[in-house]
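Notes follow once the structure below has been shown.
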Amino acid sequence: MNDLPRDPLVALPRDRLVALLREMPKAELHIHIEGSLEPELIFKLAQRNGVALAYPNVEALRAAYAFSDLQSFLDIYYAGASVLLKEADFFEMAWAYFERAAADNVVHAELFFDPQTHTARGVAIEDVIVGLAHACRRAHAELGISASLILCFLRHLSEDAAFATLEQALPYRDHFIGVGLDSSERGHPPEKFARVFARCRELGLHVVAHAGEEGPPAYIWNALDVLKVERIDHGVRCVEDPALVQRLAAERMPLTVCPLSNVRLRVYGSMAEHALPALLDAGLCVVLNSDDPAYFGGYINENFVAAFEALPQLDARHAYTLARNSFEASFAPAADKQRWRRELDAVFTRLAG
Ligand code: HPA
Ligand code: ZN
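Sequential numbering from 4 applies to the sequence shown in my numbering.
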């Protein structure tokens, strides 16, 4: 692995490995900010905004977080997001995430947000974007986290609805760096959004898409060939198609993998069955992320720790690779990537010395 000495990293005791996973600088590239809304904040905002919830208290809401698949999660996730009405709500949600991210040594975060979930309830897109952008600016100023926003289209809605959302968002173009595609995957293939993604690329926006979480490898092929994405979100089902794995490796196409999400949404029966080691062995540019941390049992460091604890074949070399990939796969300026990479190397060089 590059120029770092191998043996001290392989031999690192597991408790020191866990400390390293927590301590190393990292970027988070797959976090739905609405999925960071903790039950306590849901109830606080519900009360402040006079929104009625279907659950009597935090405990009852948390108890409902037993999902059988992606759709069963999305139903609860959209219900939770219904408490977000004002610019200040969006700011408060994102700020709470940044405080958690700082504690996990996240130095850069690219946040997904779902404007259609809010505009459908009469919330102005300006309040969504300006509130989130304010939190991003403050995260940089006060926490040293570089942060940007990626607007996601809901794939269960039409392409025309995505175009309308893009139009509404364009006055705030300076506040987001790209677009993504999320929500119910099965039955909503990437090619449904071919024209709107083409327009976004023309506008100079970065483009990413969820593909191969529950959907088949064909959705990953089409995200690449039709949407021309720069990263695949999830993508774990690529392992079913060796030619696809080869292509992803050859192109160094990043996969933003979310281990706890995959187990909670039953993509895998258990963490021990996760494809992460196979993806890394295939030389893919894998990045670890939390997806919807308030719903899936943990933030980014919990994802690292849960994966490494359940998969004993992963060692400190893999930790280094994952952190390095997170910087490489980000849309941050090259100078920032270089600086974070030096900080990462310093942490590992200390260990190996
Ligand atoms: N998959 C698809 N859409 C989503 C997710 C997810 O894990 N989280 C929030 N929207
Ligand atoms: Zn996601």
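Idealized CB from N, CA, C, for every residue including glycine. All figures in this text were calculated on a predicted structure; none of them were measured in a lab.
**Asked** With Ala97 and Leu135 assumed to form a contact (beta carbons below 8 angstroms), what rounded beta-carbon distance in angstroms separates them?
**Response** Numbered from 1 along the sequence shown, position 94 holds the residue referred to as residue 97. Numbered from 1 along the sequence shown, position 132 holds the residue referred to as residue 135. With a Cβ gap of about 5 angstroms, Ala97 and Leu135 count as contacting.
**Message:** Can you tell me whether Pro336 is buried or exposed? The criterion is at least 16 other CB atoms within 10 Å of its CB, across all chains shown.
**Reply:** In the sequence shown, residue 336 corresponds to position 333, counting from 1. Result: exposed.
**Asked** Hey, out of Gly238, Ile303, Leu283, whose CA is closest to Ala105's CA?
**Response** What you label residue 105 is simply residue 102 of the sequence shown in a count that begins at 1. Checked all of Gly238, Ile303, Leu283; the closest Cα to Ala105 is Ile303.
**Asked** Secondary structure at Ser75, three-state DSSP: helix, strand or coil?
**Response** As a working note, residue 75 is residue 72 in the sequence shown. Residue state, collapsed to three classes: helix.
**Asked** Where in the region 233–302 do unbroken runs of the beta strand (DSSP E), each at least 3 residues long, occur, reported from the N-terminal end onward?
**Response** 234–237, 258–260, 289–291
**Cβ pair Leu230, Val260 closer than 9 angstroms** = Within the sequence shown, the letter at position 227 stands for residue 230. Within the sequence shown, the letter at position 257 stands for residue 260. Cβ distance not < 9 angstroms, so Leu230 and Val260 don't count as in contact.
**Request:** Could you have a look at Gly38 and say whether DSSP puts it in helix, strand or coil?
**Result:** Along the sequence shown, one-based indexing puts residue 38 at 35. It is helical.
**Request:** Assign Gln249 to buried or exposed, taking buried as 16 or more other Cβ atoms, counted over all protein chains shown, within 10 Å of its Cβ.
**Result:** Along the sequence shown, one-based indexing puts residue 249 at 246. Its Cβ having fewer than 16 others within 10 Å, Gln249 is exposed.
**Per-residue burial, Ser71 [other beta carbons within 10 Å of its own, 16 or more giving buried]** = Here residue 71 refers to the residue found at position 68 when the sequence shown is read from its first residue. It is exposed - the Cβ of Ser71 has fewer than 16 other Cβ atoms within 10 Å.
**Message:** When you measure from the CB of Tyr80 to every non-hydrogen atom of ligand 1, does any distance come out below 8 angstroms?
**Reply:** Taking the first residue of the sequence shown as position 1, residue 80 is located at position 77. True, at least one ligand heavy atom lies under 8 angstroms from that Cβ.
**Asked** Which of helix, strand or coil does DSSP assign to Lys340?
**Response** Residue numbering aside, residue 340 sits at position 337 when the sequence shown is read from its first letter. In this structure, Lys340 counts as helix in the three-state DSSP scheme.
**Prompt:** By Cβ distance below 6 angstroms, which residues in the same chain neighbour Asn265 in space, the five residues on each side in sequence not counted?
**Reply:** Translated into positions along the sequence shown, residue 265 becomes position 262. So the qualifying residues of the chain are Tyr271.
**Message:** At the level of alpha carbons, what is the spacing between Asp117 and Glu233?
**Reply:** Along the sequence shown, one-based indexing puts residue 117 at 114. Along the sequence shown, one-based indexing puts residue 233 at 230. Looking at the two C-alpha atoms, the distance is approximately 19 angstroms.
**Prompt:** Is His277 near ligand 2, going by C-beta to nearest heavy atom under 8 angstroms?
**Reply:** Stepping through the sequence shown from its first residue, residue 277 is reached at position 274. No - ligand 2 has no heavy atom lying nearer than 8 angstroms to the Cβ of His277.
**Request:** Could you please give the first and the last residue of the uninterrupted alpha helix (DSSP H) stretch that includes Glu26?
**Result:** Looking up residue 26 in the sequence shown gives position 23. First-last of the alpha helix (DSSP H) with Glu26: 17–26.
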